[in-house]
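**Q** To start, I am sharing the structure in question, which I have written as structure tokens.
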Amino acid sequence: MNNELKQGKGRLEVVCGSMFSGKTEELMRRLRRAEYAKKNVLTIKHHVDKRYNQASTCIVSHEGRERLALVINDGAGIQTIIDLADDSVDVIGIDEIQFFTLPIITVIHKLIDAGKRVIVAGLDLDFRGEPFGIMPPLLALADDILKLKAICVQCGREAHHTQRLIDGRPAAYDDPIILVGASELYEARCRNCFQITKLSPSAKEQPLYHEPVFKETNANV
């Protein structure tokens, strides 16, 4: 019997939902529990996430809790995950997974094949209310999915939309998909309170998968 069959395949757990729903908190909770169980954990974050003026080497929840993490640049830098997730690593946690592009799917496949438990957290819907980047294939591949909901700041109902606000007004549909920020740019909203300016009928139809496009902002990110 070869080593792969002895060890068995790993698993993928996806924690998703809107902003302010507690995704990073849940990710950190699962990683802490893995450490309590004497597992070796590798924590990863995307390099673009620099909210709250915290050290770039931490993932940070909206409640201010921090956890040290390896900062990964998308593209060629993704291979670093494979290099670091050697035989000593049991669990890999990745925050803000929606910022990564399609090659991360191949990396996650390799980690699972190597017997790793992979836990990712990210937005399932973008500010347009549409599936965010690589989230649809991740959700399809997942062994376990937890969808968290926030509270709508307008009416108090359960919220699973992330409302982007520019100068206090709902963002336009054709704004960049990724604009990193927190409460200065975003609110959690329910379906009834969520607003987005739709494209005109003559506008070009948008693809389901959007490669991340980053926009700089002067906000605290």
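Take the sequence shown: its position 110, counted from the start at 1, is 915 in our numbering, and no numbers get skipped.
For each residue, glycine too, the CB sits at the ideal point set by N, CA and C.
#1: Under DSSP, the beta strand (DSSP E) around Val-865 begins and ends at which residues?
#2: Measure the alpha-carbon distance for Tyr-978 versus Ser-893 and round it to whole angstroms.
#3: Using CA coordinates, which residue listed in Ile-982, Gln-968, Asp-972 is at the minimum distance from Cys-750?
#4: Below 6 Å, is the gap between the Cβ of Lys-952 and the nearest heavy atom of the ligand NAP?
#5: Just the C-alpha distance for Lys-915 and Lys-921, rounded to the nearest angstrom, thanks.
#6: Taking 8 Å as the limit between beta carbons, can you name the residues of its chain near Ala-947, skipping five residues before and five after?
#7: Give the secondary structure of Glu-935 by DSSP, where H, G and I count as helix, E and B as strand, and everything else as coil.
#8: Taking DSSP's pairing of strands, which residues face Val-894 in a bridge?
#9: Please work out which residues of its chain come closer than 8 Å, Cβ to Cβ, to Phe-904, disregarding the five sequence neighbours upstream and downstream, and give them in chain order.
#10: What span of residues does the beta strand (DSSP E) with Ile-950 cover, start to end?
#11: Among the residues of its own chain, which have a CB less than 6 Å from the CB of Glu-963, if the five just before and after it don't count?
#12: With DSSP as the reference, identify every bridge partner of Ala-993, one or two as the case may be.
#13: Please list, in chain order, all residues of the same chain as Ile-883 whose beta carbon is under 8 Å from its beta carbon, the five residues on each side excluded.
#14: For the alpha helix (DSSP H) holding Thr-848, just list the boundary residues, first then last.
#15: If you count every other CB in all the chains shown that lies within 10 Å of the CB of Asp-918, and 16 or more means buried, which is it?
#16: Beta-carbon within less than 8 Å of Cys-821's beta-carbon, same chain only, minus the 5 sequence neighbours each way: which residues are those?
#17: What span of residues does the beta strand (DSSP E) with Ala-839 cover, start to end?
#18: Can you look up Pro-981 in the DSSP assignment and give me helix, strand or coil?
#19: Would you call Asp-900 buried or exposed, if buried means 16 or more other Cβ atoms sit within 10 Å of its Cβ?
#20: Please state whether the Cβ-Cβ distance between Ala-874 and Ile-849 is less than 7 Å.
#21: Taking buried to mean at least 16 other C-beta atoms within 10 Å of its own C-beta, is Arg-837 buried or exposed?
#22: Kindly list the residues whose CB is nearer than 8 Å to the CB of Lys-1003, restricted to its own chain and excluding five residues on each side of it in sequence; keep chain order.
**A** Reading it off the structure:
#1: Per DSSP, the unbroken beta strand (DSSP E) holding Val-865 starts and ends at 863-865.
#2: 45 Å
#3: In the structure displayed, the chain extends from 806 to 1026; residue 750 sits before or after that span and is not available.
#4: Absence of the ligand NAP is noted for the structure shown, with no ligands found whatsoever.
#5: 9 Å
#6: Leu-817, Glu-818, Val-819
#7: coil
#8: Answer by DSSP bridge pairing: none, since Val-894 is not bridged.
#9: His-851, Val-853, Asp-854, Asp-879, Gly-927, Gly-938, Ile-983, Pro-1017
#10: 949-953
#11: Lys-954
#12: Bridge partners of Ala-993 according to DSSP: Thr-967.
#13: Ile-877, Phe-905, Pro-908, Ile-909, Val-912
#14: Per DSSP, Thr-848 belongs to no alpha helix (DSSP H); it is in the beta strand (DSSP E), 846-851.
#15: Flag for Asp-918 reads exposed.
#16: Lys-828, Ala-926, Gly-927, Leu-928, Asp-929, Met-940, Leu-944, Ile-950, Leu-951, Lys-952, Leu-953
#17: It is not in any beta strand (DSSP E) - Ala-839 instead sits in the alpha helix (DSSP H) that spans 828-841.
#18: coil
#19: buried
#20: yes
#21: exposed
#22: Tyr-978
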